[in-house]
Amino acid sequence: MSGAASVHVVVAYWGDPDLLDRAVDSVLAQTDGDWHLTIVDDHYPDPRAQETYQSHPDPRISYLRNGENLGLTRNFERCRSVAVAEGGDLVTFMGCDDQWLPDYVAELRRARRDHPDATIFQPGVRVIDGDGRPSNGLGERVKAWLSPSGPKPVTLSGEELAASLMRGNWLYWPSLAFERSVVGKHAFRSDLPIVLDLAFVMDMVLDGAELVVLDAVTFCYRRHDHSASYMSSVRGSRFDDEKLFYCEMVTRLEERGWPRAAGVARRRIVSRLHELSLVPAVVLRRLGRG
75 MSGAASVHVV
85 VAYWGDPDLL
95 DRAVDSVLAQ
105 TDGDWHLTIV
115 DDHYPDPRAQ
125 ETYQSHPDPR
135 ISYLRNGENL
145 GLTRNFERCR
155 SVAVAEGGDL
165 VTFMGCDDQW
175 LPDYVAELRR
185 ARRDHPDATI
195 FQPGVRVIDG
205 DGRPSNGLGE
215 RVKAWLSPSG
225 PKPVTLSGEE
235 LAASLMRGNW
245 LYWPSLAFER
255 SVVGKHAFRS
265 DLPIVLDLAF
275 VMDMVLDGAE
285 LVVLDAVTFC
295 YRRHDHSASY
305 MSSVRGSRFD
315 DEKLFYCEMV
325 TRLEERGWPR
335 AAGVARRRIV
345 SRLHELSLVP
355 AVVLRRLGRG
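The structure is reproduced here in structure tokens:
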């Protein structure tokens, strides 16, 4: 990647190559072309992604293929290493089945100029289902309820931000953009595969990160029943990860001198409610009916 672009999008690829094509097309359609895309293929058995992107005519697109399947956490860590090494102002870890709206890059660059102290940017998000139709399920309504209210952009940091995220994770991970310098300071947790996104963000928050929530909707997040987080929820493993994570966060927040945020983490009300809401699905699965 020569002449680092302002926005470096790194895609951890494992999945439907047709959805990857749509994701890449949405990047190519940006009104602001100051971006670079790197696809990190986690040794997916279908060769179409490699055939399409290994020698793509657009020099802004790079393709890397792992020699073996690394799995979710190790591939994300490789993506992070690639992002740090290759330069750029902002880094985003777009999902291989998500899509940008045409002004995603332009709005991020504008936000970075307007908020020079910010380290994390949360764009406005449109949620779509597996077929690309607008979706507004329970998860989206809960996130909307948890997210900061009032006019945007809004800036959060310190204990206020920590308490807000410990109450419930209202962020849309693949839409987030990070200052590259901050991404270089924090690794993905290999021991928390299902909550590695929130753990990554909370490491930054504890280190003094400032997050800006933007108003303009520039990202399409695909919600479907085959995602890693959904399947882990039905199996119950998600909540094992969450319990460990929240217990750890209580200690770290107390040590940081943020007792209110620690209390919110200790109660983890939204996580408990989510767990209860999925009890019927977990039971049916264990009975062989799910």
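Start counting the sequence shown at 75; every next residue gets the next number (the numbering used here).
A virtual CB, placed ideally from N, CA and C, is assigned to each residue, including glycine.
Mapping DSSP to helix, strand and coil, what is Trp170?
Checking the displayed sequence, the identity of residue 170 turns out to be Cys instead of Trp. Three-state DSSP puts Cys170 in coil, outside helix and strand.
Quick one: is His82 buried, meaning 16 or more other Cβ sit within 10 Å of its Cβ, or exposed?
buried
How is the beta strand (DSSP E) around Asp115 delimited, first residue to last?
Trp109 to Asp115
Output the distance between the C-alpha atoms of Asp177 and Arg183, rounded to the nearest integer angstrom.
10 Å
Is the distance from the Cβ of Pro222 to the Cβ of Leu230 below 8 Å?
yes
Secondary structure, alpha helix (DSSP H): runs of 4+ residues fully inside the segment 223-304:
232-241, 254-257 and 270-280
Quick one: give me the first and last residue of the beta strand (DSSP E) that Tyr87 is part of.
Val81 to Tyr87
Classification of Asn143 by the beta-carbon crowding that lies within 10 angstroms, buried from 16 upward
exposed
Touching by the beta-carbon criterion (3+ pairs, under 8 Å), the segment 162-179 and the segment 243-259
yes
Check the DSSP bridge columns for Pro208 and list the partner residues they point to.
Ile202
Just mark Val84 as buried or exposed, buried being the case when its beta carbon has 16 or more other beta carbons within 10 Å.
buried
Use the C-beta contact count for Glu181: other C-beta atoms within 10 angstroms, 16 or more gives buried, fewer gives exposed.
buried
Under 6 Å Cβ to Cβ from Asp90, same chain only, skipping five residues before and after it: list those, please.
none
Span separating the alpha-carbon of Gly242 from that of Val98:
31 Å
Could you check what DSSP says for Gln124 in three-state terms: helix, strand or coil?
helix
Cβ shell of Tyr320 (< 6 Å), same chain only, five flanking positions each side left out
Ala339 and Arg342
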